[in-house]
Every structure is written in C-alpha cells, then in structure tokens.
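Just below is one structure, and these are the notes that go with it.
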Amino acid sequence: MTVTHGAVITDEVLDAAFPHDSSAPDMAVRLDLFRRLHRYYTDYLGAPHEFQRIPRLNTDPEIVQLERAWLRWEDAQVDPARLPSSAAGFADWFQKLSADHVQPDFCGYLAKDATVAEVALFFLAEELVDSRFDDLVALAQLGSASVMKLVMAENYWDEMGEGKLERMHTVLFEHSAKYMRQRLTDQGYDVADLICAEIYENACLTLMYGVHRELTPRSLGALGLMEHSAPARFTAMVEGCSRLGVPDDVIEYQRIHIHVDEDHGAEWLDYVLTPLTERSPEMLREIGLGILTRERVANAYYRRVWQQMKALR
1 MTVTHGAVIT DEVLDAAFPH DSSAPDMAVR LDLFRRLHRY YTDYLGAPHE FQRIPRLNTD
61 PEIVQLERAW LRWEDAQVDP ARLPSSAAGF ADWFQKLSAD HVQPDFCGYL AKDATVAEVA
121 LFFLAEELVD SRFDDLVALA QLGSASVMKL VMAENYWDEM GEGKLERMHT VLFEHSAKYM
181 RQRLTDQGYD VADLICAEIY ENACLTLMYG VHRELTPRSL GALGLMEHSA PARFTAMVEG
241 CSRLGVPDDV IEYQRIHIHV DEDHGAEWLD YVLTPLTERS PEMLREIGLG ILTRERVANA
301 YYRRVWQQMK ALR
C-alpha cells in the first residue's frame with residue numbers, strides 16, 4: 001500500500017500507518033504520509049515571498065485527520081508509569097532520562113568506525129530537523145514572559161550567530177550539508193533513496209509540536225530533551241569527521257553546539273521546563289508526553305539511520 005502525493009488519505013491508510021491494536025505499522029505507508037506532512041509543515045513555515053502557497057492551519061481535513069491519528073498512536077506508545085509523578089521530582093526525572101538518551105553505542109560508532117559516506121548520510125538525516133531549529137525556538141517562545149522568554153531569546157540569538165550572518169547556525173549547517181551531500185554523490189549514492197520513514201517522523205514531530213500552539217508544552221519538553229542530550233552526539237560527529245579528515249570549516253556548526261547546547265539544555269531545564277511543571281498537573285503531564293514521545297521517536301530514528309549507514313559499506 002502506498003499513498004501518492006495528492007491521493008486521498010483513507011481510514012484504511014491511517015489504520016495501516018497507525019494501528020489501533022499492537023500490530024506493527026506499515027512503514028512504507030508511514031513514509032508516504034510523513035513526507036506529505038513534512039511538505040505541509042515546510043510550506044506553512046515558508047518564506048514571506050512564498051505567501052501564496054502557505055497553507056492555512058487546520059483547514060485541510062486530511063492533514064487534520066492524519067495528525068489526530070498520529071497523536072493518538074504516539075500517546076498510546078507512552079507507558080503512563082514513566083511519566084513524571086510530581087513537579088518536585090521533575091528535574092531529577094528529566095536528568096536521568098536525558099542521561100540515558102545519549103546513544104553511546106551509536107555515538108561511539110560515529111566517532112571511531114563510520115566511513116565518510118556513513119557520516120554524510122547522518123548529517124543529511126539531521127538536516128530535516130537542524131535546518132529548522134531556529135524557527136522551532138521562535139515558535140516555542142510565543143506567549144512566554146520574564147526569565148523564561150530571555151532564556152529562549154538567548155537560545156535564538158545563538159542560532160542567529162549573535163548577529164553575524166556568516167555565523168548563523170542555519171548558514172553553517174547548510175555549508176556542512178552541501179559538503180556531505182557532495183561526498184555521497186561522489187560515491188554514487190542518491191540521498192533520496194536513503195531517506196526512510198523514521199527520518200521524516202523525527203522531523204515532523206517537532207514541526208507538529210511547533211506549529212500547533214496547544215501542543216506548546218510538548219514542544220518545550222521535546223526541545224529541552226534535544227538540547228540536553230545533543231552535546232554527546234555533536235562531540236562524536238566532530239571526532240568522527242576529524243578522524244576522516246573532514247575540513248574544520250565543515251564541522252564548525254557541530255563544534256559550536258557541543259558547548260552551546262550544554263548551556264542551553266541546563267538553562268532550559270531550570271528556567272523553562274521546571275517552572276512550567278509547577279503550574280499544574282496537566283502541564284506536567286503534557287511536558288512529560290512531549291519528552292517521552294521525542295525519546296521514542298528519536299530512538300527509532302537513530303536505530304534506523306544506523307542501519308542505513310551500515311548498509312552503505
């Protein structure tokens with residue numbers, strides 16, 4: 001079963017991608033659906049001059065139906081016993097979960113064993129998320145105030161290269177991606193053939209959380225986990241690229257994020273997440289759902305990308 005661009009998304013299609021029972025999802029259908037959803041989100045976050053093709057939010061019934069089915073399925077994957085039980089214990093809960101989410105085996109492979117082609121594939125898999133991270137932070141800070149807003153503003157200012165165009169993180173990342181894309185092309189690989197459902201799902205999760213204001217608590221939780229657990233991965237990427245002789249300018253983005261994300265992760269926990277969890281049990285639950293869903297999606301993403309990387313050998 002496949003879902004071509006523009007084809008009607010039926011209940012049968014949604015049930016195949018997001019089963020109501022414990023059966024395995026149809027990953028080919030999920031890939032088609034997540035590609036469509038990713039196109040919708042990137043169109044929604046289009047540049048000002050693209051205003052004529054920017055869709056109105058929540059007006060496409062098929063997209064709404066798709067998002068509801070996906071959210072239902074993701075919520076069903078979360079073990080309620082794993083959710084944080086109190087605001088007082090949230091910080092300890094988060095730090096333990098984050099420490100367990102650093103993917104030590106995968107990072108070790110990146111640093112010590114991966115080939116140039118394998119590293120390039122991972123860079124380009126990350127592109128779907130990292131190339132929009134500044135927009136995700138901008139969306140997350142809407143409606144915030146006081147110290148919380150300043151913490152997110154500092155994060156965004158870092159994403160903006162502290163006011164220097166050539167240091168903007170999206171500019172640096174695109175430089176990395178261009179180099180890595182050429183490495184794959186030189187070795188005869190078509191990047192489009194290497195992209196899988198888990199890569200699009202990983203990107204779509206934070207985009208869905210970001211564009212829907214009612215999901216902001218989940219977005220803040222997911223972004224917090226990303227910031228808190230990223231330094232180990234960026235360290236591995238820098239070590240692997242240095243081992244392979246990748247030019248320093250290509251890995252400047254990754255090198256910067258080793259320390260920047262470490263600082264952002266700590267501040268996000270102390271001044272964004274923890275104060276919000278103290279607001280209400282409902283807020284605590286929503287933030288917890290965002291964190292645990294991001295954990296599940298990211299774990300599946302890293303496992304699948306690692307398989308894709310090894311298949312290049």
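Take the sequence shown: its position 107, counting from 1, is numbered 107 in full-length UniProt numbering, and each next residue is one higher.
Beta carbons are placed, not taken as given, at the ideal position from N, Cα and C, and that holds for glycine.
A quick note: this is a predicted structure, and the numbers were derived from the prediction, not measured.
> Under three-state DSSP, which class holds Lys149?
Replying inline: Counted from its first residue, the sequence shown places residue 149 at position 149. Helix at Lys149.
> Nearest to Asp270 by CA position, among Trp306, Val171, Gly224, Glu159, is which residue?
Replying inline: Translated into the one-based positions of the sequence shown, residue 270 becomes position 270. Per the Cα distances, Gly224.
> Buried or exposed: Ile54, going by 16 or more other Cβ atoms within 10 Å of its Cβ?
Replying inline: Here residue 54 refers to the residue found at position 54 of the sequence shown. Per the 10 Å Cβ criterion, exposed.
> How about the stretch 196-208 and the stretch 166-182: do they share at least three Cβ pairs that are nearer than 8 Å?
Replying inline: no
> Should Asn58 be labelled buried (16 or more other beta-carbon atoms within 10 Å of its own) or exposed?
Replying inline: Numbered from 1 along the sequence shown, position 58 holds the residue referred to as residue 58. It is exposed - the Cβ of Asn58 has fewer than 16 other Cβ atoms within 10 Å.
> If you count every other CB in all the chains shown that lies within 10 Å of the CB of Ser280, and 16 or more means buried, which is it?
Replying inline: Residue numbering aside, residue 280 sits at position 280 when the sequence shown is read from its first letter. Under this definition Ser280 is an exposed residue.
> Cβ of Ala76 within 8 Å of Cβ of Gly240?
Replying inline: Position 76 of the sequence shown, counted from the start, is the residue given in the question as residue 76. Position 240 of the sequence shown, counted from the start, is the residue given in the question as residue 240. No, the Cβ-Cβ distance between Ala76 and Gly240 is not below 8 Å.
>> As a quick exercise: from Glu62, Gly290, Gln141, Tyr179, pick the residue whose alpha carbon is nearest that of Leu14.
In response: Your numbering for residue 14 matches position 14 in the sequence shown. Comparing Cα positions, the closest option is Glu62.
>> Measuring straight from C-alpha to C-alpha, what distance separates Met180 and Thr235?
In response: In the sequence shown, counting from the first residue as 1, residue 180 sits at position 180. In the sequence shown, counting from the first residue as 1, residue 235 sits at position 235. Those two C-alpha atoms are separated by around 17 Å.
>> Quick check: Ser219 and Ala140, are their CB atoms within less than 8 Å of each other?
In response: As a working note, residue 219 is residue 219 in the sequence shown. As a working note, residue 140 is residue 140 in the sequence shown. Contact: yes.
> Do Ala222 and Ile291 come within 8 Å of each other at the CB atom, strictly closer than that value?
Replying inline: Residue 291 sits at position 291 when you count from the first residue of the sequence shown. Residue 222 sits at position 222 when you count from the first residue of the sequence shown. Yes; because the gap between Cβ atoms is below 8 Å, this pair is in contact.
>> Tell me the rounded alpha-carbon separation between Tyr302 and Arg213.
In response: Here the question's residue 302 lines up with position 302 in the sequence shown. Here the question's residue 213 lines up with position 213 in the sequence shown. Using only the alpha carbons, I get a separation of about 28 Å.
> Buried or exposed: Asp190, going by 16 or more other Cβ atoms within 10 Å of its Cβ?
Replying inline: Within the sequence shown, residue 190 is the residue found at index 190, counting from 1. Residue burial is scored here from C-beta neighbours: Asp190 has fewer than 16 other C-beta atoms within 10 angstroms and is therefore classed as exposed.
> Just checking my contact of Met283 with Thr277 at CB under 8 Å: how many whole Å lie between their CB atoms?
Replying inline: For the purposes of this step, residue 283 is identified with residue 283 of the sequence shown, where counting begins at 1. For the purposes of this step, residue 277 is identified with residue 277 of the sequence shown, where counting begins at 1. About 6 Å separates the two Cβ atoms, so the contact holds.
> How would you call Thr10, buried or exposed, if buried means at least 16 neighbouring beta carbons within 10 angstroms?
Replying inline: Here residue 10 is taken as the residue at index 10 of the sequence shown, counted from 1. Thr10 comes out exposed.
>> If you follow the alpha helix (DSSP H) that Phe234 is in, where does it begin and where does it stop?
In response: Start at 1 with the first residue of the sequence shown, and residue 234 comes out as number 234. 216-243 is the span of the alpha helix (DSSP H), which, as asked, contains Phe234.
> Val119: which of Ile258, His259, Gln187, Tyr40 sits nearest, CA to CA?
Replying inline: Here residue 119 is taken as the residue at index 119 of the sequence shown, counted from 1. For the residues Ile258, His259, Gln187, Tyr40, the minimum Cα distance to Val119 belongs to Gln187.
> Given 8 Å as the limit, is there contact between the stretch 16-27 and the stretch 68-87, that is, 3 or more CB pairs closer than that?
Replying inline: yes
>> Let me make sure I understand the geometry here. Which of Ser22, Trp268, Val305, Leu184 has the alpha-carbon closest to that of Ala91?
In response: By 1-based counting over the sequence shown, the position of residue 91 is 91. For Ala91, the closest of Ser22, Trp268, Val305, Leu184 by C-alpha to C-alpha distance is Trp268.
>> Assuming the contact rule is C-beta atoms closer than 8 Å, Tyr93 and Pro104 should be a hit. Round their C-beta distance to whole Å, please.
In response: Start at 1 with the first residue of the sequence shown, and residue 93 comes out as number 93. Start at 1 with the first residue of the sequence shown, and residue 104 comes out as number 104. Position check: residue 93 holds Trp in this sequence, whereas Tyr was assumed. In fact, because the Cβ distance is near 20 Å, the residues do not count as touching under 8 Å.
> Does the separation of the CB atoms of Val137 and Tyr156 fall below 8 Å?
Replying inline: As a working note, residue 137 is residue 137 in the sequence shown. As a working note, residue 156 is residue 156 in the sequence shown. Against a cut-off of 8 Å, the Cβ pair of Tyr156 and Val137 comes out as a contact.
> Would Ala111 be called buried (16 or more neighbouring beta carbons within 10 Å of its own) or exposed?
Replying inline: Residue mapping note: residue 111 aligns to position 111 of the sequence shown, counting from 1. So Ala111 counts as buried.
> The alpha helix (DSSP H) with Arg303 in it runs from where to where?
Replying inline: Taking the sequence shown and counting its residues from 1, the one referred to as residue 303 is at position 303. Note, Arg303: alpha helix (DSSP H), 281-310.
> CB-CB under 7 Å to Glu252, same chain, minus the five flanking residues each way: which ones, in chain order?
Replying inline: Residue 252 sits at position 252 when you count from the first residue of the sequence shown. Here the set comprises Leu172.
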